[in-house]
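Step one of this worksheet: look at the structure below.
Number of protein chains: 2
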Amino acid sequence: MQISVILAPPHPGSFNHATADEVAALLLKSGHTVTVHDLYREQFDPLLPYNEIPRDAALPPEIALHCREIAAADGIVFVHPDWWGMPPAIMKGWIDRVLRPGVAYRFAETDPGEGIPVGILAVKAALVFNTSNTPVEREQEAFGDPLERIWKDCIISFCGVPLFHRRMFSVVVTSTE
Amino acid sequence: MQISVILAPPHPGSFNHATADEVAALLLKSGHTVTVHDLYREQFDPLLPYNEIPRDAALPPEIALHCREIAAADGIVFVHPDWWGMPPAIMKGWIDRVLRPGVAYRFAETDPGEGIPVGILAVKAALVFNTSNTPVEREQEAFGDPLERIWKDCIISFCGVPLFHRRMFSVVVTSTE
Chain F
0 MQISVILAPP HPGSFNHATA DEVAALLLKS GHTVTVHDLY REQFDPLLPY
50 NEIPRDAALP PEIALHCREI AAADGIVFVH PDWWGMPPAI MKGWIDRVLR
100 PGVAYRFAET DPGEGIPVGI LAVKAALVFN TSNTPVEREQ EAFGDPLERI
150 WKDCIISFCG VPLFHRRMFS VVVTSTE
Chain B
0 MQISVILAPP HPGSFNHATA DEVAALLLKS GHTVTVHDLY REQFDPLLPY
50 NEIPRDAALP PEIALHCREI AAADGIVFVH PDWWGMPPAI MKGWIDRVLR
100 PGVAYRFAET DPGEGIPVGI LAVKAALVFN TSNTPVEREQ EAFGDPLERI
150 WKDCIISFCG VPLFHRRMFS VVVTSTE
């Protein structure tokens, strides 16, 4: 299987990096092919420009490459810290630019864009690993853990991926080695 | 009153721009001072680097300016399209970089960072205007409208702002002039 790991903490040596390294090592050991994208290290440009929005837009080479890779993936793993109930901007931009119409979803032929899109990613399973400095109970009560619905319903299920699992690690800032 | 309007659609002439223009005109007419930040036009850099995370970090001039302005604001208005249940990456990055510890919230002196932060924005009221191409019923049922909790609970209330109102305009893509 071809697995993409997308990673968005701002510094090497983070718990997120250790998680991604462990995931990649386990996948390789199980015989899978793994591609890791450390978005900060790659200096991924997260700004979706207006001329990239149309379905048939010409894409910059680095975006076209990300799109081809994710269209060919059997599995995908996202690893990121929870910042304001969302991924860091760099991963938000990966979502904005790579999960495009024609790559991740499409509208029916007869539909000018107002209907219900159909997910077309071939990915069979998606994993999300998050880190947080908010205790579990406060996350649920004060914030409602918006990342769960964002990943599960707004992104993974929307793109047609049947299996989803997410794990939040917290509280990281006061955790022991 | 000093009001900041933060705007994040990728192209001039959008419904978001028209909304921000109307908001700014009404506020000016009512005697307020208004500053509008069109983040795409300003080419705002949304990537929070690791060395900017500490509370006493040295900030680039443009980020320091945004921080001073938001610390001095009486009101704030966010205008953005709903992309994947979140703001576009450029506005996510404004949140990541400008709503900093010491500007938007703080921890108690005795607290190494694991406690409950206290919101310290002087802003008295926050408005959020969103555009979407998802019908209202489907937004609630399929996605749970994560932007409501993100803005209301994860950001506005977290930063100590007492009044919040949000309005979603949809479906925009098939709407008439």
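Chain order of the listed sequences is F and B.
Numbering-wise, the first sequence is residues 0 to 176 according to numbering that gives the first Met the number 0.
Numbering-wise, the second sequence is residues 0 to 176 according to numbering that gives the first Met the number 0.
We put the beta carbon where it would ideally sit given N, CA and C, even for glycine.
task = Work out the CA separation of F/Thr18 and B/Trp83 for me, nearest whole Å.
result = Roughly 25 Å separates the two Cα atoms.
key: Beta-carbon gap between F/Ala103 and F/Gln1 smaller than 8 Å   = Result no, Cβ atoms of F/Ala103 and F/Gln1 do not sit closer than 8 Å.
task = For F/Phe142, return the contacting residues in chain B, with the cut-off set at a CB-CB distance below 7 Å.
result = Simply Arg148, Asp152, Cys153.
ask   = Given a limit of 7 Å on CB to CB distance, which residues of the stretch 35 to 51 of chain F reach chain C?
value = The question asks about chain C, but that chain is absent: this structure's protein chains are F and B.
One or two residues paired with F/Tyr104 in a DSSP bridge = In the DSSP secondary-structure assignment, F/Tyr104 is bridged to F/Pro100, F/Gly118.
query = Of all Cβ atoms in chain B, is any one closer than 8 Å to the Cβ of F/Ala17?
reply = Not an interface residue.
inquiry  = Does B/Gln42 come out as helix, strand or coil in the three-state DSSP assignment?
reply    = Here B/Gln42 sits in coil by DSSP.
task = For chain F, find out if any of its Cβ atoms is closer than 8 Å to the Cβ of B/Ile180; answer yes or no.
result = Because chain B here runs from 0 to 176, residue 180 of chain B falls outside it and cannot be looked at.
message = Residues of the stretch 77 to 92 of chain B in Cβ contact with chain F at a cutoff of 7 Å, in chain order, please.
response = Those residues of the stretch 77 to 92 of chain B that come within reach of chain F (Cβ to Cβ, closer than 7 Å) are Trp82, Trp83, Gly84, Met85, Pro87, Ala88, Ile89, Lys91, Gly92.
Inter-residue CB distance, F/Leu120 and F/Gly159 (contact presumed, cutoff 8 Å) = Between F/Gly159 and F/Leu120 the Cβ distance is about 5 Å, and since that is below 8 Å, they are a contact.
request  = Since I believe B/Asn132 is in contact with B/Val170 (beta carbons under 8 Å), could you give me their beta-carbon distance rounded to a whole number of angstroms?
outcome  = Taking 8 Å as the upper bound for CB-CB distance, B/Val170 and B/Asn132 are in contact here, some 5 Å apart.
query = Listing by chain order, which chain F residues have their CB less than 7 Å from the CB of B/Pro145?
reply = Per Cβ cutoff of 7 Å: Pro145, Arg148, Ile149, Cys153.
ask   = Helix, strand or coil for F/His31 per DSSP?
value = Coil.
query = Is the shortest distance between the beta-carbon of F/Pro100 and the beta-carbons of chain B less than 8 Å?
reply = By this cut-off, F/Pro100 is not an interface position.
task = Give a yes or no on whether the C-beta atoms belonging to F/Phe106 and F/Gly114 are separated by under 8 Å.
result = Their beta carbons are under 8 Å apart, which means F/Phe106 touches F/Gly114 by this criterion.
query = If you compare alpha carbons, which of B/Arg67, B/Phe14, B/Leu64 is closest to B/His79?
reply = With distances taken between Cα atoms, B/His79 lies closest to B/Phe14.
ask   = Taking the continuous alpha helix (DSSP H) assigned at F/Ala64, which residues delimit it?
value = The sequence given here places Leu at residue 64 of chain F; Ala does not occur at that position. Segment 60 to 71, the alpha helix (DSSP H) holding F/Leu64.
query = Are B/Tyr185 and F/Pro9 touching if we call contact CB-CB under 8 Å?
reply = The first residue shown for chain B is 0 and the last is 176, placing residue 185 of chain B beyond what the model contains.
request  = With DSSP as the reference, please indicate the residues paired to F/Ser3 in a beta bridge.
outcome  = Under DSSP, F/Ser3 forms a beta bridge with F/Thr34, F/Ile75.
task = Would you please verify whether the beta carbon of B/Pro9 is less than 8 Å from any beta carbon of chain F?
result = Yes, its Cβ sits closer than 8 Å to a Cβ of chain F.
task = Provide the residue span of the beta strand (DSSP E) that contains F/Arg166, from first to last.
result = Here the beta strand (DSSP E) through F/Arg166 covers 162 to 168.
key: Residues sharing a beta bridge with F/Leu25, DSSP   = Answer is none; F/Leu25 lacks a bridge partner.
task = Assuming F/Leu47 contacts F/Gly92 (C-beta within less than 8 Å), just tell me the rounded distance between them.
result = Contact between F/Leu47 and F/Gly92 is confirmed by a C-beta separation of about 7 Å, below the 8 Å threshold.
inquiry  = My output table needs one value for B/Trp82: the three-state DSSP class, helix, strand or coil.
reply    = Of the three classes helix, strand and coil, the one that applies to B/Trp82 here is strand, per DSSP.
key: Span separating the alpha-carbon of F/Arg148 from that of F/Gln139   = The alpha-carbon separation between F/Arg148 and F/Gln139 amounts to approximately 12 Å.
task = With distances taken Cα to Cα, identify the nearest neighbour of F/Arg137 among B/Ala124, B/Phe157, B/Lys123.
result = For F/Arg137, the closest of B/Ala124, B/Phe157, B/Lys123 by C-alpha to C-alpha distance is B/Phe157.
ask   = Excluding the five sequence neighbours on either side, which residues of its own chain have a C-beta within less than 6 Å of the C-beta of B/Leu27, listed in chain order?
value = By the criterion of a C-beta distance shorter than 6 Å, B/Leu27 is surrounded in its chain by Val33, once the five residues flanking it on both sides are discounted.
task = Grab the span of the alpha helix (DSSP H) containing F/Leu47 for me, first residue to last.
result = Careful: F/Leu47 lies outside any alpha helix (DSSP H) and carries neither H nor E.
request  = Determine, using beta carbons only, whether F/Pro3 and F/His36 come nearer to each other than 8 Å.
outcome  = Position check: residue 3 of chain F holds Ser in this sequence, whereas Pro was assumed. Yes, the pair counts as a contact, with Cβ atoms nearer than the cut-off.
ask   = In whole angstroms, what is the alpha-carbon distance linking B/Leu25 and B/Phe163?
value = For B/Leu25 and B/Phe163, the gap between their C-alpha atoms comes out near 18 Å.
ask   = Is B/Pro87 buried or exposed, if buried means 16 or more other CB atoms sit within 10 Å of its CB?
value = Buried: at least 16 other Cβ atoms inside 10 Å.
key: Collapsed DSSP secondary structure at B/Phe128 in the structure displayed   = DSSP places B/Phe128 in strand when its eight states are reduced to three.
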